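So for the sequence shown, our numbering puts the first residue at 454; every next one is plus one. C-beta: ideal position from N, C-alpha, C; glycine also. Quick caveat: nothing in here was measured; it's all calculated off a predicted structure.
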Amino acid sequence: MLLDRIQARKDKPDARLFVGPRGGKIQTGVLRKATHWDAVVAALGYEHLRRHDLRHTGLTWFADAGVPIHRLQQIAGHTDPRITQRYLHPDIVALQADGDMLSAHLRSPKRSQIGPKLRLVQ
């Protein structure tokens with residue numbers, strides 16, 4: 454369905470993929486009703502989940518995939534990159550893996566040949 458909508462709008466890159474019942478922007482009440490949001494999240498045990506939380510998740514996934522912040526800003530429609538930054542929630546496991554990579558790099562034999570050795574500063 455999504456590919457059909459994209460294909461139908463290829464000559465209109467700014468056209469909405471999905472529109473409300475009157476052809477305009479989809480209002481939140483219409484979306485909530487059409488998706489049976491309240492019943493779905495209750496059945497899943499996520500009553501606390503808001504649709505806006507999915508925006509945070511989606512932008513975080515884009516960032517984790519390597520999409521640069523200036524494009525995330527465009528995707529989100531934000532005017533300020535600091536707003537976009539607030540939507541990003543790094544994965545603690547990925548952050549720990551980044552720290553492990555740095556540690557491995559600093560301990561590598563090649564590192565000792567190309568740069569200064571680590572030293573304790575008191």
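Query: Residue nearest to Ile522 in terms of C-alpha spacing, selected from Leu541, Leu456, Leu507 and His505; Result: Leu541
Query: Start and end residues, alpha helix (DSSP H) containing Pro534; Result: Pro534 to Arg539
Query: Under 9 Å between C-beta atoms of Val483 and Gly473; Result: yes
Query: Residue span of the alpha helix (DSSP H) that contains Asp506, given as start and end; Result: Arg504 to Asp517
Query: Contacting residues, own chain, Cβ-Cβ under 8 Å from Gln538 (five flanking each side not counted); Result: Ile522
Query: N-terminal and C-terminal residue of the alpha helix (DSSP H) that Gly552 is part of; Result: Ile545 to Arg560
Query: Asp544 vs Thr513 beta-carbon contact at 9 Å; Result: yes
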